[in-house]
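For reference, the structure discussed in these notes is given below.
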Ligand SMILES: [Zn+2]
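Numbering (the UniProt record's numbering), first residue to last: 1 to 313.
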């Protein structure tokens with residue numbers, strides 16, 4: 001081969017390789033959208049579908065606040081790679097380091113990225129209830145998330161939040177005033193809100209789902225979830241950054257989360273009154289909520305879990 005041919009080939013190879021790596025990083029970056037909510041307050045919106053190798057278990061909504069000294073990140077991503085992806089997105093907005101992480105819940109995507117940030121000196125904060133849920137269900141969830149994220153699980157080491165607050169607490173973090181509000185069990189055994197009273201912005205974690213149907217699992221408590229939502233409504237937030245879906249209003253959150261939970265509770269209540277068994281739960285007509293994503297996949301499971309809980313009330 002002539003030398004010029006060699007260099008042409010090598011050049012073509014480098015071009016293809018760089019296009020390929022650009023494509024891979026674009027594919028990853030494109031699954032996380034950033035939205036400005038109020039001055040210095042952002043949400044990062046991940047995809048609505050199930051965890052996968054490609055979405056790095058970042059299939060949820062996150063948030064961040066830029067303070068004088070650094071970034072306060074609300075929820076740290078579902079894997080080590082997921083944490084890095086959140087950091088990359090944040091650095092498109094600000095070069096400041098991530099100094100604080102607040103976990104709103106014990107579900108994987110809320111906290112599996114903690115370790116990546118604490119290794120760089122960040123502080124991790126949550127409520128005692130959420131911390132207990134992280135400690136209890138961490139390894140069980142890790143198996144599941146590892147299976148779903150394949151190669152991109154590598155290096156992930158779930159680390160529960162290090163600082164836990166037992167009551168509602170106001171924190172001042174380099175110029176930012178925020179409240180950590182434990183609201184009790186809901187989607188998981190203990191959810192925690194992050195409330196910015198001046199801006200009236202609420203990070204609800206998994207207490208609020210919009211655009212997709214919320215998931216009621218064996219770890220959920222649907223009645224307490226209704227009560228937790230009522231605490232959110234009492235705050236009268238102007239913007240809610242939900243656990244899943246785009247930043248939204250209290251009215252839309254009420255429609256997609258609260259109305260669905262109360263609807264299921266009342267329908268299952270009727271079945272129990274008629275002495276029906278659990279198989280009847282699948283026959284509940286939930287079509288008024290069919291506009292929500294993943295409706296077909298999870299509507300019957302949700303009804304069955306509510307039935308199982310209500311049988312024991
Ligand atoms: Zn979630």
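Cβ coordinates follow ideal geometry from the N, Cα and C atoms, glycine included.
Spatial neighbours of residue 176 in its chain, beta-carbon cut-off 6 Å, leaving aside the 5 residues before and after: Only 65, 67 meet the Cβ criterion.
Bridge-paired residues (DSSP) for residue 225: Per DSSP, residue 225 has no beta-bridge partner at all.
Next on the checklist: For a quick check, are the C-beta atoms of residue 304 and residue 295 less than 9 Å apart?
Outcome noted: Using a Cβ distance threshold of 9 Å, residue 304 and residue 295 do not count as a contacting pair.
Between the CA atoms of residue 280 and residue 263 - distance to the nearest angstrom
In this structure, the straight-line span from the alpha carbon of residue 263 to that of residue 280 is close to 16 Å.
With distance defined between alpha-carbon atoms, name the residue in 76, 53, 223 nearest to residue 313. Cα-wise, what sits closest to residue 313 is 223.
- Query: Where do the N-terminal and C-terminal ends of the alpha helix (DSSP H) with residue 133 fall, by residue?
  - Reply: In the DSSP assignment, residue 133 falls within the unbroken alpha helix (DSSP H) covering 128-149.
Inset, instruction - Could you tell me if the beta carbon of residue 228 falls within a distance shorter than 8 Å of some heavy atom in ligand 1? - result: No, ligand 1 has no heavy atom inside 8 Å of this Cβ.
Environment of residue 271 [buried if 16+ CB atoms lie within 10 Å]:
When all chains shown are included, residue 271 counts as buried.
Could you tell me whether any Cβ in chain C is nearer than 9 Å to the Cβ of residue 63?
The displayed structure is made up of one protein chain only, and chain C is not part of it.
Which of the three DSSP states, helix, strand or coil, is assigned to residue 305? Three-state result, residue 305: helix.
- Using the C-alpha atoms, what's the distance from residue 293 back to residue 84? Roughly 27 Å separates the two Cα atoms.
Can you tell me whether residue 301 sits near ligand 1, meaning its C-beta is under 8 Å from at least one heavy atom of the ligand? Checking the 8 Å criterion, the Cβ of residue 301 is out of range of every heavy atom belonging to ligand 1.
query: If we ignore side chains and look at the alpha-carbon of each, how far apart do residue 101 and residue 169 end up?
result: Spanning the two alpha carbons is a distance of roughly 15 Å.
(request) Report yes if the C-beta distance between residue 211 and residue 104 is below 9 Å; otherwise report no. (result) Contact flag unset, no.
| query | What does a CB cutoff of less than 8 Å around residue 232 pick up in its chain, not counting 5 residues either side in sequence? | reply | Only 183, 193, 202, 204, 207, 208, 240, 250, 253 meet the Cβ criterion.
| query | Where does residue 189 sit, in a helix, a strand or coil, going by DSSP? | reply | Residue 189 falls in the coil class under three-state DSSP.
Between residue 85 and ligand 1, is there a pair consisting of the residue's CB and a ligand heavy atom that are separated by less than 8 Å?
Remark: the C-beta of residue 85 is outside contact range of ligand 1, defined as less than 8 Å to any heavy atom.
Requested in this report: Kindly identify the DSSP beta-bridge partner or partners of residue 33.
Outcome: Residue 33 has 45 as its beta-bridge partners, per DSSP.
Can you name the start and end residues of the beta strand (DSSP E) that residue 289 belongs to? Counting along the chain, residue 289 falls outside any beta strand (DSSP E), and DSSP gives it neither H nor E.
Which residues in the same chain have their Cβ closer than 6 Å to the Cβ of residue 116, if we skip the five residues on either side of it in sequence?
-> The residues are 80, 83.
Worksheet entry | Residue range of the unbroken alpha helix (DSSP H) whose run includes residue 273 | It spans 259-273 - the alpha helix (DSSP H) in which residue 273 sits, taken as one unbroken run.
* To do: Could you tell me if residue 92 is buried or exposed, where buried requires 16 or more neighbouring beta carbons within 10 angstroms of its beta carbon?
  => Taking every protein chain shown into account, the CB of residue 92 has fewer than 16 other CB atoms within 10 angstroms, so this residue is exposed.
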